[in-house]
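Q: Handing you a structure now.
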Amino acid sequence: MENLQSAVDTLVHSSNTLFILIGAVMVLAMHAGFAFLEVGTVRQKNQVNALSKILSDFAISTLAYFFIGYWVSYGVSFMQPAAVISVDHGYGLVKFFFLLTFAAAIPAIISGGIAERARFVPQLCATALIVAFIYPFFEGMVWNGNFGLQAWLLATFGASFHDFAGSVVVHAMGGWLALAAVLLLGPRNGRYREGRLVAFAPSSIPFLALGSWILIVGWFGFNVMSAQTLNGVSGLVAVNSLMAMVGGTVAALVIGRNDPGFLHNGPLAGLVAICAGSDLMHPVGALVTGVVAGGLFVWFFIAAQDRWKIDDVLGVWPLHGLCGVWGGIACGIFGQTALGGLGGVSLVSQLIGTALGIAVALAGGLLVYGVIKRVHGLRLSQEEEYYGADLSIHKIGAVSQD
Numbered sequence: 001m002e003n004l005q006s007a008v009d010t011l012v013h014s015s016n017t018l019f020i021l022i023g024a025v026m027v028l029a030m031h032a033g034f035a036f037l038e039v040g041t042v043r044q045k046n047q048v049n050a051l052s053k054i055l056s057d058f059a060i061s062t063l064a065y066f067f068i069g070y071w072v073s074y075g076v077s078f079m080q081p082a083a084v085i086s087v088d089h090g091y092g093l094v095k096f097f098f099l100l101t102f103a104a105a106i107p108a109i110i111s112g113g114i115a116e117r118a119r120f121v122p123q124l125c126a127t128a129l130i131v132a133f134i135y136p137f138f139e140g141m142v143w144n145g146n147f148g149l150q151a152w153l154l155a156t157f158g159a160s161f162h163d164f165a166g167s168v169v170v171h172a173m174g175g176w177l178a179l180a181a182v183l184l185l186g187p188r189n190g191r192y193r194e195g196r197l198v199a200f201a202p203s204s205i206p207f208l209a210l211g212s213w214i215l216i217v218g219w220f221g222f223n224v225m226s227a228q229t230l231n232g233v234s235g236l237v238a239v240n241s242l243m244a245m246v247g248g249t250v251a252a253l254v255i256g257r258n259d260p261g262f263l264h265n266g267p268l269a270g271l272v273a274i275c276a277g278s279d280l281m282h283p284v285g286a287l288v289t290g291v292v293a294g295g296l297f298v299w300f301f302i303a304a305q306d307r308w309k310i311d312d313v314l315g316v317w318p319l320h321g322l323c324g325v326w327g328g329i330a331c332g333i334f335g336q337t338a339l340g341g342l343g344g345v346s347l348v349s350q351l352i353g354t355a356l357g358i359a360v361a362l363a364g365g366l367l368v369y370g371v372i373k374r375v376h377g378l379r380l381s382q383e384e385e386y387y388g389a390d391l392s393i394h395k396i397g398a399v400s401q402d
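The sequence shown runs 1 to 402 under the UniProt record's numbering.
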């Protein structure tokens, strides 16, 4: 019997390790989606910079999260012998890898908002600070119960703050951090003339679409594998993600009047919003969540650019910031049993947790980018911006005319 139990335990641990490893690789692939979405949206003179930022940010994020951030969130340090940290087939290490890909999504989100005029090294410094301290602070509060927030919400309102795959912890956090950076940077030169918006056309709709599709496919690893064990996996998460994605697509197609930029960001808006409650909602609730998210993205992208003169290049604040907030709230609405959900969620707890995420992200973003702006500067010079970040920073263009 002991041998049988040992064999079963080995199978369970190895299966869980493989399961979460596949999820980590799928979310890692999403970073290619972030890269190509930005490459296709920016002007051609900034394409090399977009690709370089995403890869460099991931490397810096890995170092910051491995040595500091993961310890801040979960109290786990890897500064121990390999024999200790690789127990249970290295499940703990692969869990770190999986959660790292979430953490690294934060600077990848910010990158799209500050594109075409941000300096390279200061952004890498901001990445290190955000992934080491700002993001893990809130991640630990929600996903590890740090500081007693979740226990207080459970005792007071009957349910803790529920964010299954990170509508607020990852996406809203990234979007509101990006808003702080965008406001401190200011608009790109020539974006507004005499108070009127000047259109900067995307450099490549095919690259933009490719980035969107890579993100869509990887997102099913992002959401489904957030169960973190085979025992917790649920087809409900997959179908809810699908329905929200489709809802966001249709809404953006209709409200965006066939604009390919809106169309290819619509499914991402739906997927951002469904992360929080994908394990609780009925598929019809997920569809409604996605439809609302697609509309939110289009309306607020236009309002931010035209009315409020916020030059958020990829629209990461409406896409991740606002749709992430909607996702946190929608979980508290459509997760209720009265609307076909599984229950166990409180709308008040969702509102409090979501508001706290906004506050931490905005305060952290203003602090990190404000200090860097004062000490080192954030923007390229006017001449560097005119020639483009590719030539100014990387000394090479995206394409050769020879």
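Just so it is clear, CB atoms sit at the ideal spot from N, CA and C, and this is done for glycine as well.
#1: For H376, does the count of other Cβ atoms within 10 angstroms reach 16, so buried, or fall short, so exposed?
#2: Starting from the Cα of V94, find the closest Cα among I216, S226, V48 and give me that residue.
#3: Is the beta carbon of S234 less than 8 Å from the beta carbon of D279?
#4: Kindly indicate the opening and closing residues of the alpha helix (DSSP H) around A50.
#5: If you drop the 5 nearest sequence neighbours on each side, which residues of the same chain put their C-beta closer than 8 Å to that of I329?
#6: Looking at the strands, I want to know which residues DSSP matches up with Y192.
#7: DSSP puts A118 in a beta bridge; with which residues?
#8: Between A251, A276, G174, which lies nearest to I333 when the distance is taken from Cα to Cα?
#9: With DSSP as the reference, label residue 404 as helix, strand or coil.
#10: Give the range of the alpha helix (DSSP H) segment to which I106 is assigned.
#11: Between which two residues does the alpha helix (DSSP H) holding G23 run?
#12: Between the alpha carbons of M173 and N3, how many angstroms are there, rounded?
#13: Could you tell me the distance, in whole angstroms, from the CA atom of E194 to the CA atom of V42?
#14: Do you know how far the Cα of R119 is from the Cα of H394?
#15: So C275 is in the alpha helix (DSSP H); what residue range does that whole segment cover?
#16: Can you confirm whether the region 40-54 touches the region 244-257 when touching is taken to mean that 3 or more C-beta pairs between the two stretches lie within less than 8 Å?
#17: Kindly indicate the opening and closing residues of the alpha helix (DSSP H) around S241.
#18: With a cut-off of 8 Å, do at least 3 Cβ pairs link the region 175-191 to the region 309-327?
#19: Locate the alpha helix (DSSP H) running through T289, then write down its first and last residues.
#20: Just the Cα atoms here: how many angstroms apart are L339 and V288?
#21: DSSP on I310, reduced to helix/strand/coil?
A: In terms of the structure at hand:
#1: exposed
#2: S226
#3: For S234 and D279, yes; Cβs fall inside 8 Å.
#4: 47-64
#5: L347, Q350, L351, T354
#6: L197
#7: R379
#8: When C-alpha distances from I333 are compared across A251, A276, G174, the shortest belongs to A276.
#9: There is no way to answer for residue 404, as the model of the chain reaches only from 1 to 402.
#10: 87-113
#11: It spans 2-41 - the alpha helix (DSSP H) in which G23 sits, taken as one unbroken run.
#12: 47 Å
#13: 23 Å
#14: 11 Å
#15: Taken as a continuous stretch (DSSP letters only), C275 belongs to no alpha helix (DSSP H), as it is neither H nor E.
#16: no
#17: 235-255
#18: yes
#19: 283-302
#20: 12 Å
#21: In the structure shown, I310 sits in coil (DSSP, three-state: anything other than H, G, I, E or B).
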